[in-house]
Amino acid sequence: MQEWVELSDTGTLLTYTVTRYAVPGIQPLEPPFALGIIKLDGASTGLVHLLGEIDLNNISIGLRVKAVFREVREGNYLDIKYFKPFRG
Amino acid sequence: MEKVGIIGVAQTKYQRYNPASHAELAYEVTSKALEDAGLTIDDIDNTVTVCNDFWDGRTISSMTITEATGSHKSPTTNVEGDGTYGALMGLMRILSGLHEITLVVAQSKISEGIPSVITNAMFDPIYERMLGLDAINSAALQMRSYMSKYGVTEQQCAKISVKNHKNAKANPYAHLAMDITVDDVLKSRVLADPIKLLDASPISDGACAIVMARERTAKRKHGKPIWIKGVGHCADAYHLGDRDLAEVDALASAAKRAYKMAGIRSPLKQIDVAEVYDAFSYMELMWMEGLGFCDRGKAGAMVDSGLTEMNGALPVNPSGGVLSAHAVQVAGLARIAEAVLQLRGEAGGRQVDGASTALAHGIEGACGQGHCVFILGK
Numbered sequence: 001m002q003e004w005v006e007l008s009d010t011g012t013l014l015t016y017t018v019t020r021y022a023v024p025g026i027q028p029l030e031p032p033f034a035l036g037i038i039k040l041d042g043a044s045t046g047l048v049h050l051l052g053e054i055d056l057n058n059i060s061i062g063l064r065v066k067a068v069f070r071e072v073r074e075g076n077y078l079d080i081k082y083f084k085p086f087r088g
Numbered sequence: 089m090e091k092v093g094i095i096g097v098a099q100t101k102y103q104r105y106n107p108a109s110h111a112e113l114a115y116e117v118t119s120k121a122l123e124d125a126g127l128t129i130d131d132i133d134n135t136v137t138v139c140n141d142f143w144d145g146r147t148i149s150s151m152t153i154t155e156a157t158g159s160h161k162s163p164t165t166n167v168e169g170d171g172t173y174g175a176l177m178g179l180m181r182i183l184s185g186l187h188e189i190t191l192v193v194a195q196s197k198i199s200e201g202i203p204s205v206i207t208n209a210m211f212d213p214i215y216e217r218m219l220g221l222d223a224i225n226s227a228a229l230q231m232r233s234y235m236s237k238y239g240v241t242e243q244q245c246a247k248i249s250v251k252n253h254k255n256a257k258a259n260p261y262a263h264l265a266m267d268i269t270v271d272d273v274l275k276s277r278v279l280a281d282p283i284k285l286l287d288a289s290p291i292s293d294g295a296c297a298i299v300m301a302r303e304r305t306a307k308r309k310h311g312k313p314i315w316i317k318g319v320g321h322c323a324d325a326y327h328l329g330d331r332d333l334a335e336v337d338a339l340a341s342a343a344k345r346a347y348k349m350a351g352i353r354s355p356l357k358q359i360d361v362a363e364v365y366d367a368f369s370y371m372e373l374m375w376m377e378g379l380g381f382c383d384r385g386k387a388g389a390m391v392d393s394g395l396t397e398m399n400g401a402l403p404v405n406p407s408g409g410v411l412s413a414h415a416v417q418v419a420g421l422a423r424i425a426e427a428v429l430q431l432r433g434e435a436g437g438r439q440v441d442g443a444s445t446a447l448a449h450g451i452e453g454a455c456g457q458g459h460c461v462f463i464l465g466k
């Protein structure tokens, strides 16, 4: 594969979990917080990221999600703030 | 493959906190494994340690146990990974023709560290590490994926925890031996759903050592060596998103290699006992599938049938498995040590009657990225 492939900011949830224990220093959010593997539209593999603006007790595989970007870019992975549920 | 025999094994008791230092743990199992083999440290001409700098809390940590393992007197190498890979390295060093008798030592002082901080560091520092991933919540992603793909239930996973903690009651080395019910597992505190506290292995201090020798030396030095009949290893992709977490292709590949070497065509019929790396309850189910004991997605039904119980056709983890004692780095080597005890007929209350072929399995990396499979026989 030689060329860059532009992907969508929307995708489908392949799996998820809600972390309910605290580990000081390594967690990006206060628990409980949701993580999922998202297959972006146009991609052949998934990426792990946070899920936000979501009911932690009502997440399901196959959910359509959309990236929410941080307002000010810091140049790291959390420039994607999280993925939120989205209809479409 | 030239025959290589295991002629000595030793373990400490596994516990939440052992006041001994990591070097003292290594010394305890080195001494006991030599005694078990009827050897002295002067007989050892090669040592493999299994040290990981993060878990040991210092860099080049393998250099801190040279006196404790007696390896200042012989060539020593270190494997940073699970203990099964230490045994693999020991086997390869013997097969190289350079060494006669090899000592493999793994020790773990998890009580000195914060496991989630250490396992978070196995993830890519640019991407996944920032998400707070660790061994538990990454496994939860896998458990969900596996359950969803194949319709395996939380109850079926819980049965593994019930079985293994019960088996542990007959293992004097086990950390967590107890009678619990499926309901206890389901109602235990949720860590990262669907993983509950009783789906997860404890964190244990402890150590294990084995002594291996080439055929003629093994026969001369020991009455009943246990032979390494086959070995295979394989690893899947690194990034979790690049894998199908519900599948066990790397393990299937490792098992296929080990089975071919050992002449095993029907693993369920030809293997009498298996010790596998069940860091979480669901993993034992997945590993059954990867090892070819049942079809993909069918391990839940196999466990429902009782086939892997102590009185079943294939007892799995008679020792209580990793769910009952999880000294990281050590746990895979402990699977080999337990398999050796089974084949010698020295497994006490956890003995599988008439065991003549055993399987021992270790993993490394997140969600069982890498697998190492040993087939042992009398």
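Which chain is which? The protein sequence lines are V and X, in order. Residue 1 is where the first sequence starts when you use this note's numbering, and the numbers rise one by one after that. Residue 89 is where the second sequence starts when you use this note's numbering, and the numbers rise one by one after that. Every residue, glycine too, gets a C-beta built ideally from N, C-alpha and C. These figures come from a predicted structure and were not determined experimentally.
Closest in alpha carbon position to V48 of chain V, among X:G311, X:E372 and X:G329, is X:G329.
A residue is called buried when at least 16 other Cβ atoms come within 10 angstroms of its Cβ; T269 of chain X does not meet this threshold and is exposed. Judged by DSSP in its simplified three-state form, D267 of chain X adopts coil rather than helix or strand. In this structure F69 of chain V does not touch K84 of chain V by the C-beta definition: roughly 11 Å separates them, more than the 8 Å allowed. At least 8 Å separates the CB of Q2 of chain V from every CB of chain X. Residue environment: T241 of chain X is assigned as exposed (fewer than 16 neighbouring CB atoms within 10 Å of its CB, all protein chains considered). In the DSSP annotation of this structure, the continuous segment of the alpha helix (DSSP H) that includes N208 of chain X starts and ends at P203 to N208. When 7 Å is used as the limit between beta carbons, E216 of chain X is near these residues of chain V: V48, in chain order. When only Cα atoms are considered, A258 of chain X and L264 of chain X end up about 11 Å apart. Around the beta carbon of D287 of chain X, 16 or more other beta carbons lie within 10 angstroms, which makes this residue buried. In this chain, the alpha helix (DSSP H) harbouring T154 of chain X covers T154 to T157. Just measuring C-alpha positions, the residue of X:D144, X:V336, X:A301 and X:K466 sitting nearest G185 of chain X is X:A301. Using a CB distance below 8 Å, the part of the region 12-36 of chain V facing chain X consists of L14, T15, Y16, T17, V18, T19, R20, Y21, V23, G25, I26, Q27, P28, L29, F33, L35 and G36, ordered along the chain. Q439 of chain X: not part of any alpha helix (DSSP H); DSSP gives it neither H nor E. DSSP lists X:G93 and X:G465 as the bridge partner or partners of W315 of chain X. Short of 6 Å from the beta carbon of G409 of chain X, and not among the five residues preceding or following it, lie these beta carbons of its own chain, in chain order: N252 and D366. Annotation for C296 of chain X: the continuous beta strand (DSSP E) segment containing it runs G294 to R302.
Proximity of chain X to T45 of chain V at the Cβ level (cut-off 7 Å) is accounted for by G329 and D330, in chain order. For N225 of chain X, the residues of chain V that pass the 8 Å Cβ criterion are T17, T19 and L35, in the order they occur in the chain. For N134 of chain X, the secondary structure class from DSSP, reduced to helix, strand or coil, is strand.
Take V361 of chain X, set aside five residues on each side of it, and the residues of its chain with a beta-carbon closer than 6 Å to its own are P403, Q430, V440, A443 and A446, in chain order. When the beta-carbon positions are compared, G450 of chain X and G420 of chain X come within less than 8 Å of each other. At a Cβ-Cβ threshold of 8 Å, V299 of chain X and I95 of chain X count as neighbours. When the alpha-carbon of E188 of chain X is set against those of X:Q244, X:A209, X:S149 and X:K307, the nearest one is in X:K307. With contacts defined by Cβ atoms closer than 8 Å, C322 of chain X and A342 of chain X form a contacting pair. Against chain V, the beta carbon of G220 of chain X has neighbours under 8 Å at T19, V23, I26, Q27, P28, L29, F33 and L35, listed in chain order.
Looking at X:A262, X:G239 and X:E303, the one whose alpha-carbon comes closest to that of A389 of chain X is X:G239. Listed in chain order, the beta strand (DSSP E) runs fully inside the region 233-283 of chain X are 278-280, counting runs of at least 3 residues.
The continuous stretches of alpha helix (DSSP H) do not include G329 of chain X, and DSSP gives it neither H nor E. A check of alpha carbon separations from R384 of chain X across X:Y234, X:G320, X:L395 and X:S292 identifies X:Y234 as the nearest. For the set X:R104, X:S204 and X:D141, the Cα lying nearest the Cα of L219 of chain X is the one of X:S204.
Counting only residues of its own chain and dropping the five nearest sequence neighbours on each side, E426 of chain X has a CB closer than 6 Å to the CB of E363 and S407. In summary, H414 of chain X is buried, with 16 or more beta-carbon neighbours lying within 10 Å of its beta-carbon over all protein chains present.
For V117 of chain X, the enclosing alpha helix (DSSP H) starts and ends at H110 to A125.
Chain V has no Cβ within less than 8 Å of the Cβ of L274 of chain X.
Spanning the alpha carbons of T164 of chain X and I132 of chain X requires a straight line of approximately 11 Å.
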